[in-house]
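Contents: one structure, followed by commentary.
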Amino acid sequence: MSNKTDERQPVGTFPPMKTSTFKRFSDFIYNELGIKMPESKMTLLQSRFQKRLRLLGLKSYDAYCDYVFSPEGMQDELDIMIDRVTTNKTDFFREPKHFTILTDEVLPKLIRKTQAGYGNKLMVWSSASSTGEEPYTLAMVLDDFAKKNKGFKFSILATDISNEVLQHAVNGVYEMEKVYPVPTDFKKRYLLRSKKPERKVVRVVPELRSLVHFQRLNLMDNQFDIRDKMDIIFCRNVIIYFDKPTQNKVINSLCRHLKPGGYMFMGHSETLSGLNVPLKLCGSTVYRKISDG
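Each residue of the sequence shown is one higher than the one before, counting from 568 in the numbering used here.
So this is what it looks like as structure tokens:
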């Protein structure tokens with residue numbers, strides 16, 4: 568398999584993807600990632616794969632499909648293909664009301680009922696962390712809470728299926744425009760500007776980066792490589808891409824790692840209505856675990 572780049576081949580010169588080829592991709596994407604891809608998404612898939620075809624010197628989507636599912640491709644290309652398929656839209660302080668609910672309602676209740684954060688660290692899981700904006704937002708909010716509540720300790724686990732976005736998150740470097748939603752005092756405390764004025768970027772301070780552990784994880788796996796039970800799980804804007812059976816599977820898998828009485832934060836466009844899960848709505852798309860389901 569040649570890895571030679573053919574920069575002379577312009578975008579859009581490949582023959583259209585065959586229905587049979589799309590089905591091979593879409594079946595794999597559903598089985599491994601839980602994402603339904605109807606034929607109406609074929610054009611989207613083609614646009615996301617075009618660059619890979621050019622970089623690999625391939626002339627058709629059939630050839631790319633054969634390569635991805637070959638022994639060599641499963642080792643060298645599969646993760647890259649997954650990165651191209653998954654959606655990684657995220658922001659700092661996205662759906663900001665959740666962070667107010669976290670500090671004003673959820674944390675006081677957990678501390679009062681279980682002493683979470685005192686003795687044992689409060690365990691928080693950002694289950695679809697993408698490029699890191701959500702777990703670093705959580706780290707800022709919880710560190711600020713800890714400064715106001717002496718002795719409070721916490722730990723954040725951040726997972727995603729994409730190695731590419733996880734590496735971005737570990738680095739903790741963001742364009743200035745990305746950190747616009749971060750409150751001014753948090754920017755001063757938790758973000759470092761580049762020493763080169765021409766570089767319009769900031770980096771999360773080392774002290775905050777050390778509070779977040781990043782790990783690759785596929786929410787479709789039957790078992791997760793996670794030892795700790797969580798007090799709080801953020802799973803926002805994830806299940807909107809899944810059908811009902813997959814939603815049921817994923818939420819129940821997450822709940823097995825959530826302590827009874829722990830909290831699950833979902834996206835504002837999501838609902839758990841109709842799912843058989845051990846969660847009870849207790850706020851604006853905030854749920855509490857009611858049993859060891």
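The beta-carbon is built from N, C-alpha and C at its ideal position, and this holds for glycine as well. From a predicted model like this one, the values you see are computed outputs, not experimental measurements.
Listed as beta-bridge partners of Leu848 by DSSP are Tyr854. Distances from the CA of Lys745 to each of Asp727, Leu759, Ile728 and Val768 were compared; the closest alpha carbon is that of Val768. DSSP places Tyr703 in the uninterrupted alpha helix (DSSP H) bounded by Glu700 to Lys715. As the crow flies, the alpha-carbon of Met648 is around 10 Å from that of Met641. With at least 16 other beta carbons inside 10 angstroms of its own, Gln617 counts as buried. If you compare the alpha carbons of Asp788, Met797 and Leu674 with that of Gln814, the shortest gap goes to Asp788. Bounds of any beta strand (DSSP E) do not take in Pro812; it lies within the alpha helix (DSSP H) bounded by Lys811 to Cys822. Closest option to Ile602, judged by alpha-carbon separation, among Thr852, Leu846, Ile806 and Lys826: Ile806. Going by C-alpha positions, Met833 is about 12 Å away from Cys849.
With contacts defined as CB atoms closer than 8 Å, Val652 and Asp798 fail to qualify as a contacting pair. Distance from the Cα of Ser694 is smallest, within the candidate group Val844, Ile596, Leu620 and His780, for His780. Segment contact: the segment 677-686 against the segment 716-735, three or more CB-CB distances shorter than 8 Å; contact assigned. With contacts defined as CB atoms closer than 8 Å, Pro582 and Ser614 fail to qualify as a contacting pair.
Using a Cβ-Cβ distance cut-off of 8 Å, the segment 733-750 and the segment 696-704 are in contact, since at least three pairs of beta carbons, one from each stretch, lie closer than that value. It is roughly 41 Å from the alpha-carbon of Leu625 to the alpha-carbon of Pro764. Here Asp727 is buried: its Cβ has 16 or more other Cβ atoms, across all protein chains shown, within 10 Å.
In this structure, the alpha-carbon of Pro675 lies about 47 Å from that of Asp643.
Its Cα nearest to that of Glu774, the residue Tyr757 stands out among Leu786, Tyr757 and Arg783. Between the alpha carbons of Ile818 and Lys762 lies a distance of about 43 Å. A residue is called buried once 16 or more other Cβ atoms fall within 10 Å of its Cβ, and Thr704 is buried on that count. Of the residues assessed, Ser777 falls on the exposed side of the cut-off, its CB having fewer than 16 other CB atoms within 10 angstroms. Leaving aside the five residues that flank Val635 on each side, the residues in its chain whose CB is nearer than 7 Å to its CB run, in chain order, Glu644, Leu645 and Met648. Taking each of Glu599, Asp650 and Gln782 in turn and checking the Cα distance to Arg619, the smallest one comes out for Asp650. By the CB criterion at 8 Å, Ser820 and Leu786 fall inside the cutoff.
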